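Novice:
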Amino acid sequence: MCARGPFQPHALGNGAVGMSNQYGWLGLKGKNPWNGKENQITICLNELARERLNYILESKHLGHLSRLISDDKPVSIHEYFASLIHEQWFKHRKYEKDAQRRLRLKAKQKQWSEMRVEKLAEFKKQKKQTTSVYLISDPSTGHTKIGISKDVENRFRALKAANPSISLIFYHVAEFKAEQELHKIFKEQNIFGEWFKLNESQIETAKWILLNLCDPISGKFNRDGLYEWILKNNPFKNNTIGDMSDRLVVIQ
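Anchor point for the sequence shown: position 200 equals 1224 in this note's numbering, and the numbering is continuous, going up by one each time.
(1) Answer with buried or exposed for Ile1160, where buried requires no fewer than 16 other C-beta atoms within 10 angstroms of its C-beta.
(2) Can you tell which of Ala1202, Ser1225, Leu1222, Ile1215 has its C-alpha closest to the C-alpha of Leu1235?
(3) In the DSSP assignment, what residue or residues form a beta bridge with Thr1168?
(4) Rounding to the nearest angstrom, what Cα-Cα distance links Leu1222 and Tyr1251 in this structure?
(5) Strictly by DSSP, which residues pair up with Asn1214?
(6) Taking buried to mean at least 16 other C-beta atoms within 10 Å of its own C-beta, is Ala1182 buried or exposed?
(7) Count the other C-beta atoms from every protein chain shown that fall within 10 angstroms of the C-beta of Arg1117, then say buried if there are 16 or more, exposed otherwise.
(8) Is the beta carbon of Gln1226 less than 8 Å from the beta carbon of Phe1210?
(9) From Ser1156, Leu1129, His1167, pick the residue whose C-alpha is nearest to that of Glu1218; which is it?
(10) Please report the Cβ distance between Gly1249 and Val1197, rounded to the nearest whole angstrom; I am assuming they are in contact, meaning their Cβ atoms lie under 8 Å.
(11) Only counting runs of 3 or more residues, tell me where the beta strand (DSSP E) segments fall wholly within the region 1177-1252, in order along the chain.
(12) What does Ser1156 pair with, by DSSP beta-bridge criteria?
(13) Taking Trp1253 as the reference, give the member of Lys1121, Glu1205, Ile1241 with the closest Cα.
(14) Look at Thr1155 and Phe1200 and say whether their C-beta atoms are less than 8 Å apart.
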């Protein structure tokens, strides 16, 4: 390697390639493929030359270089080196782009993972705060309990310990207003407390109201939807619109 540094054009040949065109030894005929970033390219080429020197001398390229030298074709040697370094340069750029792409993907995956954890924590927190209205049947009496709890299954186990014949037939996320409105709708069927004498049709009606008028996440009750349903279905038969309106008074 001469004192001028690696891959100086007039250090490789016998003067066949001069310095009038600094990119001529690359076989690019005056074109600068790197848009004027000469300092960066020079550094990169020097680094690549040092890294690949042993590889070139110890690999399959040795035979080709020997043939070129024996044929005394310095221009061809320059072209060979130019094409080799040009190829390695773009391989290096491709590696950098792939690495950057992997880093961006990793960052995205981390962001998605954090969002998923936050959503799950929010859902669990919301689930703890929400309540559910439940229907419990007692076959021994034919009565149905319409109640509300934050933990329906735990509440059911406590009730079943006192009365083994009961069964949990339905529950749905719903706020306290939903339970109040069901108690008003089935006021005439009330036996005592939260227990009602309901037939199969009335139980299905209670299920429909909970499924269709309560938000499945927050449990918010759609009272306007209930009023529309009452006007359309009139479950109170002989009652007037005024009687039905009285049953829809919101207790603050």
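Here a beta-carbon is modelled for each residue, glycine too, at the ideal position from N, C-alpha and C. For clarity, every value in this text was computed on a predicted model and none was experimentally measured.
Specialist: Quick answer:
(1) Burial state of Ile1160 is buried, judged by a 10 Å Cβ sphere holding 16 or more other Cβ atoms.
(2) Per the Cα distances, Ala1202.
(3) Its beta-bridge partners are Ser1161, Phe1220.
(4) 21 Å
(5) Phe1220
(6) exposed
(7) Looking at its Cβ environment, which holds fewer than 16 other Cβ atoms inside 10 Å, Arg1117 is exposed.
(8) yes
(9) Among Ser1156, Leu1129, His1167, the Cα nearest to that of Glu1218 is on His1167.
(10) So it is not a contact: roughly 16 Å between Cβ atoms.
(11) 1191-1197, 1214-1216
(12) Ser1173, Val1197
(13) Distances from the alpha-carbon of Trp1253 to those of Lys1121, Glu1205, Ile1241 put Glu1205 closest.
(14) A distance below 8 Å separates the beta carbons of Thr1155 and Phe1200.
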